[in-house]
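Chains as they are written, first to last, in our numbering: chain W, 603 to 929; chain E, 603 to 929; chain R, 524 to 887; chain B, 524 to 887. Glycine included, C-beta positions come from ideal geometry on N, C-alpha and C.
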Ligand SMILES: Cc1ncc(C[n+]2csc(CCOP(=O)(O)OP(=O)(O)O)c2C)c(N)n1
Ligand SMILES: Cc1ncc(C[n+]2csc(CCOP(=O)(O)OP(=O)(O)O)c2C)c(N)n1
Ligand SMILES: [Mg+2]
Ligand SMILES: [Mg+2]
């Protein structure tokens, strides 16, 4: 067991992935000498060289587009997008080329590319540094979209993402980067919890609280407060936003009859609606209340001095719980 | 009353918008002499000149990005994206700049830009010519996303879009372009049905069938067949995909207790899930069955010789109706 | 400036070999005869496909008519180990990479999204998204570099990559980013731009007021402007650029000045935006005719050989017609394959659902 | 090549006026003294803001330290009717457009997304997305053209637009597309690239192996490479480019060769990727110092005036500290305003919901 931060775990996970497979390359802006603006790749260029940790020109479409070519050549590129808000220039290459290559070629070509990006708000920065673009990717067939919420998941999931033969959008909850936790770095990758499976973090009976990435900590905090009031919440970390692990969700909601989805992204068109719709279809007779959503609002991300009121917090989750229980 | 095709109605609507406001400009690839690959702008450059119907270089981000500058100068650009599949290079400018300008500047700057594009499948063409990207835009705060399904709506909605002070994504159901219908071109724009309001096309009692754009004709066909079997479907044309006209939907589902959403886009992350989730929240005690979805599959768009099996049709809607009624 | 000023040319419009200070060609006459055969067959292929579209057998076709020299000249400059990325119009490149024309049609018929095995032919399938593949080509070339298959001096092992695109593509951000990356890493990639004067209805000057080849210098790579209807010159400049790439001297931009003699695609109507004058001018620059004259004067192309090639063309057309008509429609259930490396629950459920419905309705 | 070869320069590093065959300046000494004052105050503004960030009053700041000449020289070349688009680093441009430094801070404090009224100052707010605004500038310039405010010969009415961006931005597709559009329409826009040698941790050569100004020619516009630490030269080349634009002669690309003397932003640590050697070299090219020497030698900058400017700087800093500390936090409910031109039901419901919760929890 080692204590690592989420950031440190990603760094260690990347290192291990590069050691395991010489075809793994890292690409991105400022990931070399600087080690990335968050230092996720710190020390890797020094140890693996400039041909495996590649500082790129400042052009996101170019980064993803050349990563496609590298993958076609047989490499496993891991692309860093510096911030969530800067992924959009690469959107065309991601959703039109990366996501569809396997389908377009009926399996002849595949693109084992991992696209990492810090995402979510709460770091008090300027516009474009607090976004949650997950729904754009999760609604794109052909992409796997995952996110981690603790150092152990960060360490294992980044390795699973790199090892995946499908392209993976790997979302890193930036405001939790410095959250610490124990990681059993001696274990085998094969023994890790599957990347596309959700995890029940706390078992409960009254209501299922579905969260992922940065809202997991918030959800756990809310569940603890609810427990004090005698309400038992089952907390599920989604982990994979596409595909969704509906089996785990169904089992929980069949039992609790209630569900609340929490995410930072806007409500409309977000993951919460998709999860809610799926649960309505699979658990119709078991639902005692509609699936509720506690999310960012249907506005662009606000100036940072308002973000603590924009981001879902325990108060809002408990308020939703109250609503849910009142049905 | 005049009989027009949807395509002709858009052309006439654009002409009227340009006559009404000298600040209205059209921009796009091949929209000038050629009149667009579908001829939506036929004759407009000849009549309004090259300064108001502007053939642009081949660069979508450039088209939308310069349209932003033109709007800041005081013009009302109407951008044509040649096909749904070619909008992604402009995605950054659309979701990061166009959608947020009003919010970013607290109302000081606004971008009255209309982005038109033919969308949806069924024309038997090659990859990238049959896509339904509506969810990407509908989940982006700040954008209005609308689509038309008949010549009258096409004629009035395009004018409403151009007149809107908010940016509008105007989706044109390309496989219905040649569908004919009567248009009262002598009426006033102010008297037209609001752009952001849904329309009840057929009143019914047993199940609400929610559709938009290219699936409206399919839904009407299914409703007619269902009627023969004595099942009364209420058909609602959504028209505005963002914001959603939940009032109209609620009123209908409160009455029928059942709903099916039909769209060509993939199921996961599509408009259907958002509509279903909203209806679950607003009509929980009235729902006799879960809201169901009849949509394109969770795959990329298939080769055209399979598209008639990919696109929702009456068979699939009736199958869903059967499921819904069986609850 | 006149669009033909300062073009690299080795065979003039009248079929006379001309000298160029910068380039020369040492191709023997057998090879040139081969080019001639390629071009004739490519034109036949193109005309047959266009006809099949008119007969409703194909949903669409993008004619290569008039661009035979640019495509055959450059395509024949590739070595087996090189890799190419092309657009919807480069049937001539597919031809030089050994793709069966019958296979090419499957994409246009709507049977598949990609007509051939990209790795087998070392040619990525028809790219529809303008410019997107120039970045793939650059990344692929970077891969060859990182793999150590560039500049080793082994002429049969060193690899180069070539990307084909049009004059309109020069305006896309992706293409310019590809120039940036290729130059930054000195990647072994050749950017071959066929300036066929039109991007659908827009003339090249709508994209740029200066020759496209001039774009290269500012990105830090050489730019070459060649007569795109001169197969010998196209071959020579491409060979040289590929050699530079393979030997580790970095990227090159080639602008081949040619002309789209036909419609943009079978859905296009050029009379809406261009008059016949240009067509007439360019007919005098026909890429096949000038080589025919040259080889005939040299007595390399005899009536007998010409008749052989004509026969070959006829049977190719016949094979295409049959192959196209016989090609089976795709299995509807194949729609659900290959979205992910392993089966996905959602998708499998959808497959089962539609299968049941189609069965019930007797549609399968 | 040496990065300083062939730079347009009118005032050398030692404060000596030098002649340039291509450009000359007719600025009187009062104006130059004004530039000096601008630069001193800008540096003070920048240092004070950096300090406020350290004290936790700002969440972030992007220093303009070292780029005073490029920003003041170009900014002072604008006419009232011109319009500018700049990045997060161009505080000097905001200064020349009359933006109160206290206002500038609001963006960095996280109070608002845009610090000032873009139309009032004819300067769009800090753009964070690299390169995106170069297209907005080009479109705005096209607007001036369509509105008939270009090339009329009326020097007080004809408009020009200027876009500021960095060396790294030269690699973005958007910037290159902006070049394409500007050249295609001959739009009255000046592209002013401050090559400060770094894009965060990446040196300019990671973006391009040739001088950035050379990019212009291939797009069909003139490219100018100027000593970015020479305020007189920066002013001269920008004036000339803006005049060309206003008179309808189209776009220009200016590369101002300067140096980011500070960190990329207050969150950056340059010691991770660059050594002090460059800093030392560039200190000898300090933009303010060389003008100070020049004006002192000319007895234009007397001790008295210098003291006045110093006092002015001190009080500016004071005003910034106070203004920043006193600036109120935004009203949480303002979060819900201005998403659309008219209120939206979903959003209003969300506003009501959070208002109730905050009230219940006594957080509002
Ligand atoms: C990104 C993108 N935008 C628009 C289109 C539609 N389109 C298809 S071909 C074409 C013109 C391309 O012109 P050019 O690059 O000169 O190639 P050519 O067709 O002349 O060979 C356009 C605009 C597309 N396929 N992709
Ligand atoms: C599209 C986009 N990608 C990445 C970033 C992150 N980023 C902010 S500044 C910067 C470097 C910009 O360098 P340059 O253009 O030289 O401007 P400078 O900061 O040196 O003034 C980067 C990569 C961004 N803001 N936008
Ligand atoms: Mg062309
Ligand atoms: Mg820089």
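Any non-hydrogen atom of ligand 2 within 7 Å of residue i CB
i: residue 691 of chain B; result: yes
i: residue 691 of chain W; result: yes
i: residue 717 of chain B; result: yes
i: residue 688 of chain W; result: yes
i: residue 811 of chain R; result: no
Cβ-heavy atom distance, residue i to ligand 3, below 7 Å
i: residue 721 of chain R; result: yes
i: residue 729 of chain R; result: no
i: residue 783 of chain R; result: yes
C-alpha distance - residue i paired with residue j, whole-angstrom precision
i: residue 648 of chain R; j: residue 792 of chain B; result: 45 Å
i: residue 530 of chain B; j: residue 724 of chain B; result: 25 Å
i: residue 707 of chain W; j: residue 586 of chain R; result: 23 Å
i: residue 721 of chain B; j: residue 736 of chain E; result: 39 Å
i: residue 538 of chain B; j: residue 686 of chain B; result: 29 Å
i: residue 712 of chain W; j: residue 650 of chain E; result: 49 Å
i: residue 854 of chain R; j: residue 860 of chain R; result: 11 Å
i: residue 685 of chain W; j: residue 872 of chain E; result: 26 Å
i: residue 800 of chain B; j: residue 794 of chain B; result: 11 Å
Under 7 Å by beta carbon: chain R residues contacting residue i
i: residue 854 of chain B; result: Per Cβ cutoff of 7 Å: no residues; residue 854 of chain B is ~39 Å from chain R at best.
Closest Cα partner of residue i within the set the options
i: residue 578 of chain R; options: R/873, R/866, R/844; result: R/844
i: residue 533 of chain R; options: R/641, R/760, R/582; result: R/760
i: residue 865 of chain B; options: E/627, E/632, E/722, E/705; result: E/705
i: residue 672 of chain W; options: R/664, R/854, R/823; result: R/664
i: residue 791 of chain W; options: W/754, W/606, W/888, W/638; result: W/754
i: residue 742 of chain E; options: W/771, W/870, W/720; result: W/870
Near ligand 1: residue i beta-carbon under 7 Å from a heavy atom
i: residue 684 of chain E; result: yes
i: residue 644 of chain E; result: no
i: residue 636 of chain R; result: no
i: residue 688 of chain R; result: yes
Buried versus exposed, by CB contacts within 10 Å (16 or more), residue i
i: residue 642 of chain W; result: buried
i: residue 785 of chain R; result: buried
i: residue 831 of chain B; result: exposed
i: residue 879 of chain R; result: exposed
i: residue 849 of chain W; result: exposed
i: residue 758 of chain E; result: buried
Listed by chain order, chain W residues near residue i by CB distance under 8 Å
i: residue 837 of chain E; result: Ordered by position in chain W, no residue passes the 8 Å Cβ test against residue 837 of chain E, which lies about 21 Å from the chain.
i: residue 858 of chain B; result: 899, 901, 904, 908, 911, 912
Under 8 Å from the C-beta of residue i: neighbouring residues of chain B
i: residue 670 of chain E; result: 658, 659, 662
i: residue 767 of chain R; result: Near residue 767 of chain R there are no residues of chain B at all, since even the closest Cβ is about 15 Å away, more than 8 Å.
i: residue 740 of chain R; result: 733, 737, 740, 741
i: residue 708 of chain E; result: 635, 636, 637, 857, 860, 861
Residue i: contacting residues in chain R (beta-carbon distance under 9 Å)
i: residue 663 of chain W; result: 655, 658, 696, 697, 700
Within chain W, the residues that residue i reaches when beta carbons sit closer than 7 Å
i: residue 743 of chain E; result: 868, 900, 901, 902
i: residue 691 of chain E; result: 694
Closer than 8 Å at the beta carbon, the chain R residues around residue i
i: residue 790 of chain B; result: Near residue 790 of chain B there are no residues of chain R at all, since even the closest Cβ is about 26 Å away, more than 8 Å.
Chain E contact residues for residue i, given Cβ-Cβ distances below 7 Å
i: residue 707 of chain B; result: 659
Residue i: contacting residues in chain W (beta-carbon distance under 9 Å)
i: residue 704 of chain R; result: 658, 659, 661, 664, 665, 667, 668
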